[in-house]
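*Asks:*
There are 2 protein chains.
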Amino acid sequence: MFSIGELSKLTQLSVKTLRFYHEEGLLVPAFVDPDSGYRYYDESHLETARVIVYLRSLEFPLSEIKELLRSEGEGDLLTILERQQSAVKERIKQLRKAAKSLQQFISEEREAQTMAQNVDNVQERLLEPVLVGSIRVKGRYSDCGRLFGRLGRAFGRAIGGCPMLLHYDHEYHEDDADYEACMPLRRKQEADGIAVRELPGGRCVSLVHRGPYDQLGRAYAKVFEYMKQRKYQPLTPSREVYLKGPGMIFKGNPKNYLTEIQVLVEE
Amino acid sequence: MFSIGELSKLTQLSVKTLRFYHEEGLLVPAFVDPDSGYRYYDESHLETARVIVYLRSLEFPLSEIKELLRSEGEGDLLTILERQQSAVKERIKQLRKAAKSLQQFISEEREAQTMAQNVDNVQERLLEPVLVGSIRVKGRYSDCGRLFGRLGRAFGRAIGGCPMLLHYDHEYHEDDADYEACMPLRRKQEADGIAVRELPGGRCVSLVHRGPYDQLGRAYAKVFEYMKQRKYQPLTPSREVYLKGPGMIFKGNPKNYLTEIQVLVEE
DNA sequence: GCTTGACTCTCCCGTTACTGGAGGCCTTAA
DNA sequence: TTAAGGCCTCCAGTAACGGGAGAGTCAAGC
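So the protein sequences, as listed, match chains P and F. Under this note's numbering, the first residue of the first sequence is numbered 14, with each subsequent residue one higher. Under this note's numbering, the first residue of the second sequence is numbered 14, with each subsequent residue one higher.
#1: Is VAL171 (chain P) close to chain F? Criterion is C-beta to C-beta, closer than 8 Å.
#2: Quick one: which residues of the region 200 to 230 of chain P get their C-beta closer than 9 Å to a C-beta of chain F? List them in chain order.
#3: For the structure I just gave you, are there three or more beta carbon pairs, one from the region 181 to 195 of chain F and one from the region 249 to 264 of chain F, closer than 8 Å?
#4: What are the boundary residues of the beta strand (DSSP E) that includes GLY152 (chain F)?
#5: Check PRO247 (chain F) in the structure and name its three-state DSSP category.
#6: Would you please state the rounded distance, in angstroms, between the beta carbons of ALA111 (chain P) and SER70 (chain F)? I believe it to be under 8 Å.
#7: Output yes if chain P places a C-beta closer than 8 Å to the C-beta of VAL66 (chain F); else output no.
#8: Would you report the Cα separation of VAL143 (chain P) and GLN98 (chain F), rounded to the nearest angstrom?
#9: Could you tell me which chain P residues have their CB closer than 8 Å to the CB of PHE118 (chain F), listed as they occur along the chain?
#10: Could you give the distance in angstroms between the alpha-carbon of TYR239 (chain P) and the alpha-carbon of VAL135 (chain P)?
#11: Per DSSP, what are the beta-bridge partners of SER16 (chain F) in this structure?
#12: Taking the DSSP output, what are the residues bridged to PRO47 (chain P)?
#13: Whose Cβ in chain P lies nearer than 8 Å to the Cβ of LYS102 (chain F)?
#14: Please list the partners that ARG159 (chain F) has in chain P, where partner means a Cβ-to-Cβ separation under 7 Å.
#15: Roughly how many angstroms separate the alpha carbons of THR24 (chain F) and LEU59 (chain F), rounded to a whole number?
#16: Where in the region 88 to 149 of chain F do unbroken runs of the beta strand (DSSP E), each at least 3 residues long, occur, reported from the N-terminal end onward?
#17: Taking the alpha-carbon positions, what's the SER155 (chain P) to VAL41 (chain F) distance?
#18: Do we get a CB-CB distance below 8 Å when we pair LEU115 (chain F) with the residues of chain P?
#19: Do the CB positions of LEU81 (chain F) and ILE93 (chain F) come within less than 8 Å of each other?
#20: According to DSSP, is GLY173 (chain F) part of a helix, a strand, or is it coil?
#21: Note down, in chain order, every chain F residue with its Cβ under 9 Å from the Cβ of ARG109 (chain P).
#22: Can you list the residues of chain F that GLU122 (chain P) reaches, using a CB-CB cut of under 7 Å?
#23: Mind listing the chain F neighbours of GLN98 (chain P)? Cutoff is C-beta to C-beta under 9 Å, in chain order.
#24: Between which residues of its own chain and LYS201 (chain P) is the CB-CB distance below 8 Å, once the five residues before and five after are set aside?
#25: Output yes if chain P places a C-beta closer than 8 Å to the C-beta of ILE78 (chain F); else output no.
#26: Distance, Cα to Cα, ARG153 (chain P) vs GLU187 (chain P)?
#27: Going along chain P in order, which residues have a C-beta closer than 9 Å to the C-beta of GLN126 (chain F)?
#28: Please tell me whether ILE262 (chain F) has its Cβ less than 8 Å away from any Cβ of chain P.
#29: For PHE161 (chain P), count the other beta carbons within 10 Å of its own beta carbon; 16 or more makes it buried, fewer makes it exposed. Which is it?
#30: With a threshold of 16 other CB atoms inside 10 Å of the CB of GLN246 (chain F), please say whether the residue is buried or exposed.
#31: Classify ILE78 (chain P) as helix, strand or coil using the three-state DSSP reduction.
#32: Mind checking which residues open and close the alpha helix (DSSP H) that includes GLU36 (chain F)?
#33: Decide if the region 223 to 238 of chain P is in contact with the region 16 to 33 of chain F; the criterion is three or more beta carbon pairs, one per stretch, under 8 Å apart.
#34: Given a cut-off of 8 Å on the beta-carbon distance, is the pair ALA43 (chain F) and TYR53 (chain F) in contact?
Have a look at this one:
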């Protein structure tokens, strides 16, 4: 006969758990001292406890384990096992989806962090061509949120990068700016009324700006200053890539927004 | 402004859940009517609710979501994401292990079921050679449980089939039977004092017996009757395979025990 | 026989993320 | 005026335990 503490050591189940299993009728002691209330177990309980541990490791709920122990594996064990397996697999599927989303979130964050290292440094980069879904309009910049919303809904999981704006104007326009909202895509996908095309790659001058959007002007000044010094010929449209801004999950603090300005140059 | 029911429809969160989130400080309504206690939400709450749903889909606990919402993704988001990812992956690992064990359990059960279809039918089969760990002794059959226990502990996860006994005696011995307890192995594995070898394959006469072990005599009678009629020469040792017996998880009912008798014959 | 320390008991609460129900108030339409 | 539906609070329950309080029990040593 084992005391509850002894059984606990033998089975790796805590004393609390054993008491709980007693209460639940899963593992009823061989003998309970009516005076002291002490529980005493024997060999067969050791065995049963091991079975319970095993079934728990298969993620069976205690209620099922109770039934399984009662029927001693007679009923349609196979059905029960299959049901349990599909439940486990279902849960795995769900978790894998979460892990995948987390992975993507993490890599986006990592990318933002690496980009943040170059804040305010004018750089020359080689851009790869990139497939985008885009909507071009004339109007106010403040409407671009709606456009990105439409693009987001239209392409969903096909989206493969940060949103960007293309500016076709040569000088600043307040109310009738000519711009195009773009979302990079992983794969070609139809969407009603939204153009899908490839933005060309090439050599560009780039600068990562940290801060609210109303201070982007200074960043542009730097970029154009740099190009002027080197007599680079800027190509239209210029691009603004929203590396980290509001609306990708968190609003965040405008002081930490990251925006990359890219201006392709003639070779 | 939305009522709680409207927000519920817009976010797919139940009214109960929204109230709960209010109570928890996760999603506090914009305005609570002091007379009626009615909760009213606005656009920003719609957005926040979506973020919560998203973070829940990443399996974040509410407490973390609360902090994330408070800090608005400022703190070291990356660390939090990575921690969460490793937690999710850990859980996936655990579940996969369970799924694997379930799979094995299921295929064992399936095999037992297919074998059960041939109960009491004498058959001729071609046996594959099989790698086993084995202990040969002279003594009582009732000791074989201990031997299987030793084999089980010695080989653990390397075990790849049902336990079996080889009988070397030509007639029945009570106290000094010459027999060998075997466990099929997936791979060669050393174990102190336990022989690992390959049992030969070949043509055999087989019969699946359902019922307690003390009725195995009838099954043997059938097998040997069959061989006698056809003038087959039995080879020693004969084999008893415990397809379904006590001790593989459930004790089960002896009336449903399945044991296969295999006697190799000279070609 | 007494004390001490380890062991055990019961009872209750807390965890997580909700769901369900009772009983009652508010609003609106028929 | 009544009915329906929406909303409120409060309480309880879920799964599988863990923590802790306060009290009783067991075995050993003095």
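Heads up, the beta-carbon is just placed ideally off N, CA and C, and yes, glycines get one too. Predicted model, so just to flag it, every value in this text is computed and none were measured.
*Replies:* In short, the structure shows the following:
#1: What sits at residue 171 (chain P) in the sequence shown is Ala, not Val. Chain F contact via Cβ: absent.
#2: none
#3: yes
#4: 143 to 152
#5: strand
#6: 6 Å
#7: no
#8: 29 Å
#9: LEU71, LEU94
#10: 7 Å
#11: F:TYR53
#12: Answer by DSSP bridge pairing: none, since PRO47 (chain P) is not bridged.
#13: ALA112
#14: Residues of chain P passing the Cβ test: none, with the nearest at roughly 14 Å.
#15: 7 Å
#16: 136 to 140
#17: 28 Å
#18: yes
#19: yes
#20: coil
#21: VAL101, ILE105
#22: LEU90, LEU91, LEU94
#23: ALA111, ALA112, LEU115, GLN116, PHE118, ILE119
#24: LEU144, VAL209
#25: no
#26: 6 Å
#27: LEU91
#28: yes
#29: buried
#30: exposed
#31: helix
#32: 28 to 36
#33: no
#34: yes
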